[in-house]
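In my numbering, the protein residues as written are 4 to 345.
Every residue gets a Cβ at the ideal spot worked out from N, C-alpha and C, and that includes glycine.
It should be emphasised that the depicted structure is a prediction, and the values quoted were computed from it without experimental measurement.
First the structure, in the form of structure tokens, and then the observations on it.
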Amino acid sequence: METNTNIDWANLSFGYMKTDYNVRCTYKDGKWGEIEVSESEHLNIHIAATCLHYGQEIFEGMKAFRGKDGKIRIFRMDENAKRIQRSANGIMMAPIPEDLFSEMVKKVVKLNERFIPPYGSGASLYIRPLEIGMTAQVGVKPATEYTFLIFVTPVGPYFKEGFKPTKVAIYREYDRAAPCGTGRWKVGGNYAASLSAGERAKSEGYSAVLYLDPKEKKYIDECGPANFFAIKDGVYITPKSGSILPSVTNMSLQQIAKDLGIEVECRPIEITELTECQEAAECGTAAVATPISRIDDVEAGKSYTFGSDDEAGPVTTQLYNRLRAIQLGDEPDTHNWVTIVE
Ligand SMILES: *Cc1c(COP(=O)(O)O)cnc(C)c1O
Numbered sequence: 004m005e006t007n008t009n010i011d012w013a014n015l016s017f018g019y020m021k022t023d024y025n026v027r028c029t030y031k032d033g034k035w036g037e038i039e040v041s042e043s044e045h046l047n048i049h050i051a052a053t054c055l056h057y058g059q060e061i062f063e064g065m066k067a068f069r070g071k072d073g074k075i076r077i078f079r080m081d082e083n084a085k086r087i088q089r090s091a092n093g094i095m096m097a098p099i100p101e102d103l104f105s106e107m108v109k110k111v112v113k114l115n116e117r118f119i120p121p122y123g124s125g126a127s128l129y130i131r132p133l134e135i136g137m138t139a140q141v142g143v144k145p146a147t148e149y150t151f152l153i154f155v156t157p158v159g160p161y162f163k164e165g166f167k168p169t170k171v172a173i174y175r176e177y178d179r180a181a182p183c184g185t186g187r188w189k190v191g192g193n194y195a196a197s198l199s200a201g202e203r204a205k206s207e208g209y210s211a212v213l214y215l216d217p218k219e220k221k222y223i224d225e226c227g228p229a230n231f232f233a234i235k236d237g238v239y240i241t242p243k244s245g246s247i248l249p250s251v252t253n254m255s256l257q258q259i260a261k262d263l264g265i266e267v268e269c270r271p272i273e274i275t276e277l278t279e280c281q282e283a284a285e286c287g288t289a290a291v292a293t294p295i296s297r298i299d300d301v302e303a304g305k306s307y308t309f310g311s312d313d314e315a316g317p318v319t320t321q322l323y324n325r326l327r328a329i330q331l332g333d334e335p336d337t338h339n340w341v342t343i344v345e
């Protein structure tokens, strides 16, 4: 297939760009219908739909890559399929069957093949599945009709700095999730809850907000759109908490760490423990792993620093390189994480 020669692949931002097609499926009368292919960038939604009033919206994010061998690889699609089912059950929406999810992902990637950035560009095709409640009602209860759709868009790195250390802020006056709330599901509302702190962080020169556990404000939870890990005396430590979103990237980095003989601990991490860590990073599909050189606990007037300001630490670098290599097909996919789209 021809490639789209008008796109400046090396300078893509993490933004939206129109592609050729999206795919959609409707849940109605207790079942999912046929997959529809659409060229429209718009949806026709009833003004009383539950997604507009009561936040019945869940989403996913994953990437497809073009390898040196020219093949298209989608990373850990099955984990995203399982996670969107948990999110659906979490806020009483119709779960999407796993095989329907993967069929639609493969289809939308293939249909937009000319938007997959070439190998070596550092860019990738971002895949955004979302589900919304469509039933027109004013009473607070789950919808009976749902739309599930997937669009794709080519993206560059999430942080324009690339794989360079960033600073993050802890603000004790904001939470993104409640202790027994929706933090463990990929719900749009969690992002609404994080906007205010996120904009403040940006205006104060930070790349992201690092949230503490909403109950005691004693343990580290995660960053707004990414999980957190640190390297403490050669051990990969990452928070265990009921209010964080289980990141597929984090899960993968933990496995890679184990493969490399690095010990992994998933447990509550007290903020004070940061003083004993040599490296820190945030991880997620968008950013892969972004090293953190400094965490400012703003209201507490404390700072924690890790390694150098302009270079990632050795363990973070090793994990990052291995994950990228598997995604691109440069290293063997020993855990069967990759789906090749024919
Ligand atoms: C999506 C998301 C992540 C990252 O998850 P990945 O599966 O690695 O992309 C982390 N935290 C939150 C709150 C998220 O919504």
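Specify the secondary structure class of residue i as computed by DSSP and reduced to three states.
i	result
residue 114	helix
residue 291	strand
residue 214	strand
residue 47	coil
residue 109	helix
residue 301	coil
residue 274	helix
residue 243	coil
residue 283	strand
residue 62	strand
residue 342	strand
residue 259	helix
residue 219	coil
residue 37	coil
residue 334	coil
residue 314	coil
residue 178	coil
Just the Cα atoms here: how many angstroms apart are residue i and residue j?
i	j	result
residue 71	residue 80	21 Å
residue 228	residue 212	9 Å
residue 340	residue 78	6 Å
residue 127	residue 255	18 Å
residue 252	residue 291	7 Å
residue 321	residue 294	12 Å
residue 177	residue 186	14 Å
residue 263	residue 42	45 Å
residue 58	residue 257	32 Å
residue 232	residue 281	11 Å
residue 168	residue 261	24 Å
residue 356	residue 122	The chain is shown only over 4 to 345; residue 356 falls outside these bounds and no answer can be derived.
residue 196	residue 95	20 Å
residue 153	residue 305	43 Å
residue 357	residue 14	This structure gives no information on residue 357, because the portion of the chain shown stretches from 4 to 345.
Quick check on residue i: buried or exposed, where buried means 16 or more other Cβ atoms within 10 Å of its Cβ?
i	result
residue 230	buried
residue 289	buried
residue 283	buried
residue 234	buried
residue 50	exposed
residue 22	buried
residue 155	buried
residue 326	buried
residue 144	exposed
residue 65	buried
residue 270	exposed
residue 225	buried
residue 275	exposed
residue 205	exposed
Please report the residue range of the beta strand (DSSP E) in which residue i lies.
i	result
residue 65	65-69
residue 142	Counting along the chain, residue 142 falls outside any beta strand (DSSP E), and DSSP gives it neither H nor E.
residue 356	Because the chain here runs from 4 to 345, residue 356 falls outside it and cannot be looked at.
residue 31	25-31
residue 230	230-235
residue 152	149-158
residue 170	169-173
residue 129	127-136
residue 269	267-269
Would you kindly report the start and end of the unbroken alpha helix (DSSP H) that includes residue i?
i	result
residue 91	80-93
residue 54	53-56
residue 198	191-206
residue 317	317-331
Contact defined as beta carbons within less than 8 Å: I believe residue i pairs with residue j. What is the distance between those atoms, to the nearest angstrom?
i	j	result
residue 209	residue 181	That belief does not hold up - the Cβ atoms of residue 209 and residue 181 are roughly 23 Å apart, past 8 Å.
residue 170	residue 296	6 Å
residue 158	residue 107	Not really, about 19 Å apart at Cβ, beyond 8 Å.
residue 132	residue 12	24 Å between Cβ atoms; not a contact.
residue 268	residue 247	So it is not a contact: roughly 15 Å between Cβ atoms.
residue 29	residue 138	With 8 Å as the limit, residue 29 and residue 138 do not qualify as a contact, their Cβ atoms being about 12 Å apart.
residue 89	residue 188	6 Å
residue 166	residue 323	6 Å
residue 222	residue 111	Not a contact, Cβ separation roughly 38 Å.
Could you check whether the Cβ of residue i sits closer than 7 Å to any Cβ belonging to chain C?
i	result
residue 250	Absent from the structure: chain C. Only one protein chain is present.
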